[in-house]
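The structure appears below as C-alpha cells.
Residue numbers (this note's numbering): 2 to 143.
Written as C-alpha cells, this is what we have:
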C-alpha cells in the first residue's frame, strides 16, 4: 500500500488534537487522506455510507471519551460488522486508566495509545503508527 492511498477515519471531539494529528502527518510527508468525525454517531454514519460505496478506511483512530456514542461503543459496533473487523483500529486517548485499557482491548482494539502532549510527541506517535501498520505489518487484502 502506498502512503498516498491511505485513508484514515479520525474520531475525536477535541479540535486541537485533530489539528495536531493531521499537522504531524503532513510534517512527516505521509500524504494520507483524513476524514474526521467529532462524535461516535457521525463516525457510524460515515462507516455505513462508506460500506455501501465499498470505500472503507484503511485505519480508524478513535478517542475513547466522546459525546454520545463513545470509543468503546464504536469498537463494539466495529466488531459487529464483518467488513470493519479487519480494519486496524487504534484508540488514542488521554486516559491511562488500567480499566479503560483492558476494556478497549476486550472490545477489539488493535492498539491503545495515550495521546501525546505536544507536537513532537504527535510526530513520534504518527510516525510509529504509520511505520508499523503500513510498512511493517501485513494487512488483509482489500
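Think of the CB as a built atom: it goes at the ideal place given N, C-alpha and C, for glycine as much as any other residue.
Beta-carbon proximity check, residue 116 vs residue 90, cutoff 9 Å: no
For residue 80, the nearest candidate out of 66, 69, 61 and 97 (CA to CA): 61
Residue 97, buried or exposed, once every other Cβ within 10 Å from all chains shown has been counted against 16: exposed
Inter-residue Cα distance where the pair is residue 136 and residue 7: 12 Å
Residue range of the unbroken beta strand (DSSP E) whose run includes residue 112: 112-115
Backbone CA spacing between residue 35 and residue 56 [nearest angstrom]: 13 Å
Candidates 33, 17, 87 and 42, of which the one nearest residue 141 by Cα: 87
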